[in-house]
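A.B. asks: Have a look at the structure that comes next, please.
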Amino acid sequence: MKILSISTATSDLSVALNDDDRLISEKIEENQRNHSVDLDPDIAGLLKEAGLTLQDIDRFAVAIGPGSYTGLRVGLTTAKMFASILGKELVGVSTLQALAQNFAGEDALVVAALDARNHNFFAGAYRGEEAVIADGHYPLSSLLEQVAALPDEKVIFVGSDFSKYQEEITAALADKDLHLGEGSENLLHASAIGRLALTSPVLDPDQAEPRYLRRTQAEYDWQKKTGQEFKADSAYVEEV
Numbered sequence: 001m002k003i004l005s006i007s008t009a010t011s012d013l014s015v016a017l018n019d020d021d022r023l024i025s026e027k028i029e030e031n032q033r034n035h036s037v038d039l040d041p042d043i044a045g046l047l048k049e050a051g052l053t054l055q056d057i058d059r060f061a062v063a064i065g066p067g068s069y070t071g072l073r074v075g076l077t078t079a080k081m082f083a084s085i086l087g088k089e090l091v092g093v094s095t096l097q098a099l100a101q102n103f104a105g106e107d108a109l110v111v112a113a114l115d116a117r118n119h120n121f122f123a124g125a126y127r128g129e130e131a132v133i134a135d136g137h138y139p140l141s142s143l144l145e146q147v148a149a150l151p152d153e154k155v156i157f158v159g160s161d162f163s164k165y166q167e168e169i170t171a172a173l174a175d176k177d178l179h180l181g182e183g184s185e186n187l188l189h190a191s192a193i194g195r196l197a198l199t200s201p202v203l204d205p206d207q208a209e210p211r212y213l214r215r216t217q218a219e220y221d222w223q224k225k226t227g228q229e230f231k232a233d234s235a236y237v238e239e240v
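Per the UniProt record's numbering, the sequence shown runs over residues 1 to 240.
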């Protein structure tokens, strides 16, 4: 099965081609924020190098969240469009689970975390592909309490630059063998999305939505202004 994978969930742009679990080719652009401009040319270049076309792809896979609101929409919209027009399969993969795959061979609890500002993180903890702490939006203190309560002796943090939180993390997990990801260790690889996509459920392109894991600031402002609770048929989108 040939899988084209996309990640626009972070400031890094990554696309990859997998044939089952074998990587054909991958391209990563670090700290590249023009995803809407560069994604299509990167995909075209990757396909050309491999001697393939979009019609040769069996499954499109995308980092479905959490991550940048705009970035997630860019990646998912592109994957949905390809899958729908070409009649191919679409799969959404957790951004955090894909990040955890950077340390897939380690005998450790891997905490994948993206800085969500104000001492909060989008985070999930994994042993291999098993989710031990569910993907969510956590205050750092709450996340550390949950990690500290787990029996794992070795803990790896991956995803963000953790340097400004190092003292707090180290103090909370003083009894753990701790490693904080640095540099390229924190890159999100589309090839990992492709591997996980092999066993992920297929989505309906018309129904697939980003998994933001929290409301946008505009939604919070709307709720404060109107006093209304969010529901499936919330008037928020119509009003804005």
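Cβ coordinates follow ideal geometry from the N, Cα and C atoms, glycine included.
Please report how far the alpha carbon of PHE60 lies from the alpha carbon of SER84, in whole angstroms.
C.D. replies: As a position in the sequence shown, residue 60 is number 60, starting the count at 1. As a position in the sequence shown, residue 84 is number 84, starting the count at 1. Approximately 10 angstroms, taken between the alpha carbons.
A.B. asks: Could you name each continuous alpha helix (DSSP H) segment of 4 residues or more that falls completely within the UniProt domain "Gcp-like" (29-173), going from the start of the chain to the end?
C.D. replies: As summarised for the UniProt domain "Gcp-like" (29-173), the continuous alpha helix (DSSP H) elements at least 4 residues long and confined to that stretch are 35-50, 69-86, 95-100, 140-148 and 166-172, given in chain order.
A.B. asks: Nearest by alpha-carbon distance to GLU130: which of GLU29, ASP115 and LEU96 is it?
C.D. replies: Here residue 130 is taken as the residue at index 130 of the sequence shown, counted from 1. Checked all of GLU29, ASP115 and LEU96; the closest Cα to GLU130 is LEU96.
A.B. asks: Locate the alpha helix (DSSP H) running through ALA190, then write down its first and last residues.
C.D. replies: Counting from 1 along the sequence shown, the entry for residue 190 is found at position 190. Taken as a continuous stretch (DSSP letters only), the alpha helix (DSSP H) holding ALA190 covers 190-197.
A.B. asks: If we call anything under 7 angstroms between Cβ atoms a contact, is PHE121 one with LEU143?
C.D. replies: For the purposes of this step, residue 121 is taken as the residue at position 121 of the sequence shown. For the purposes of this step, residue 143 is taken as the residue at position 143 of the sequence shown. Contact: yes.
A.B. asks: When you compare only the Cα positions, how much space is there between VAL132 and LEU99?
C.D. replies: Position 132 of the sequence shown, counted from the first residue, corresponds to residue 132. Position 99 of the sequence shown, counted from the first residue, corresponds to residue 99. Roughly 15 angstroms separates the two Cα atoms.
A.B. asks: For PHE157, which of ALA197, HIS119, ASP58 and LEU114 has the nearest alpha-carbon?
C.D. replies: The count along the sequence shown starts at 1 and reaches residue 157 at position 157. Ranking the options by Cα distance to PHE157, first place goes to LEU114.
A.B. asks: If you draw a straight line from the alpha carbon of ALA171 to that of GLU145, how long is it in whole angstroms?
C.D. replies: Residue numbering aside, residue 171 sits at position 171 when the sequence shown is read from its first letter. Residue numbering aside, residue 145 sits at position 145 when the sequence shown is read from its first letter. Computed Cα separation, rounded: 11 angstroms.
A.B. asks: State yes or no: is the C-beta of GLY159 within less than 7 angstroms of the C-beta of ALA112?
C.D. replies: Locating residue 159 in the sequence shown gives position 159, counting from the first residue. Locating residue 112 in the sequence shown gives position 112, counting from the first residue. Taking 7 angstroms as the Cβ cut-off, GLY159 and ALA112 qualify as a contacting pair.
A.B. asks: Quick one, which of ILE57, ILE64 and SER36 has its alpha-carbon nearest PHE82's?
C.D. replies: The count along the sequence shown starts at 1 and reaches residue 82 at position 82. Considering only alpha carbons, the answer is ILE57.
A.B. asks: Looking at the strands, I want to know which residues DSSP matches up with ASN18.
C.D. replies: Working through the sequence shown from its first residue, we reach residue 18 at position 18. Answer by DSSP bridge pairing, in chain order: ILE3 and LEU23.
A.B. asks: How many Å lie between ARG22 and GLY136 at the Cα?
C.D. replies: Your numbering for residue 22 matches position 22 in the sequence shown. Your numbering for residue 136 matches position 136 in the sequence shown. The straight-line gap from Cα to Cα measures roughly 30 angstroms.
A.B. asks: According to DSSP, simplified to helix, strand and coil, what is SER200?
C.D. replies: Sequence index remark: in the sequence shown, residue 200 carries index 200 (1-based). Three-state result, SER200: coil.
A.B. asks: Beta-carbon separation of SER191 and ALA9 under 7 angstroms?
C.D. replies: By 1-based counting over the sequence shown, the position of residue 191 is 191. By 1-based counting over the sequence shown, the position of residue 9 is 9. Cβ atoms of SER191 and ALA9: not closer than 7 angstroms.
A.B. asks: Work out the CA separation of LEU173 and PHE162 for me, nearest whole Å.
C.D. replies: Looking up residue 162 in the sequence shown gives position 162. Looking up residue 173 in the sequence shown gives position 173. About 14 angstroms.
A.B. asks: Leaving out five residues before and five after ASP38 in sequence, what residues of the same chain have Cβ atoms less than 8 angstroms from its Cβ?
C.D. replies: Indexing the sequence shown from 1 puts residue 38 at position 38. The answer, listed in chain order, is LEU13, GLU29 and GLN32.
A.B. asks: Measure the Cβ-Cβ separation of LEU72 and PRO210 and say whether it is below 7 angstroms.
C.D. replies: Residue 72 sits at position 72 when you count from the first residue of the sequence shown. Residue 210 sits at position 210 when you count from the first residue of the sequence shown. Contact flag set, yes.
A.B. asks: Specify, as a first and last residue, the run of the beta strand (DSSP E) that LEU187 falls within.
C.D. replies: Mapped onto the sequence shown, residue 187 falls at position 187. First-last for LEU187: undefined, no H or E at that position.
A.B. asks: Which of the three DSSP states, helix, strand or coil, is assigned to LEU178?
C.D. replies: For the purposes of this step, residue 178 is identified with residue 178 of the sequence shown, where counting begins at 1. Note: LEU178 maps to strand in three-state DSSP.
A.B. asks: Pull up the distance between the alpha-carbon of GLY128 and that of GLU49, whole angstroms please.
C.D. replies: Position 128 of the sequence shown, counted from the first residue, corresponds to residue 128. Position 49 of the sequence shown, counted from the first residue, corresponds to residue 49. So the two alpha carbons sit approximately 32 angstroms from each other.
A.B. asks: In whole angstroms, give me the CA-to-CA distance for GLY124 and LYS27.
C.D. replies: On the sequence shown, residue 124 is found 124 positions in, with the first residue counted as 1. On the sequence shown, residue 27 is found 27 positions in, with the first residue counted as 1. Spanning the two alpha carbons is a distance of roughly 25 angstroms.
A.B. asks: In whole angstroms, what separates the C-alpha of HIS35 from that of LYS154?
C.D. replies: Position 35 of the sequence shown, counted from the first residue, corresponds to residue 35. Position 154 of the sequence shown, counted from the first residue, corresponds to residue 154. Roughly 35 angstroms between the two C-alpha positions.
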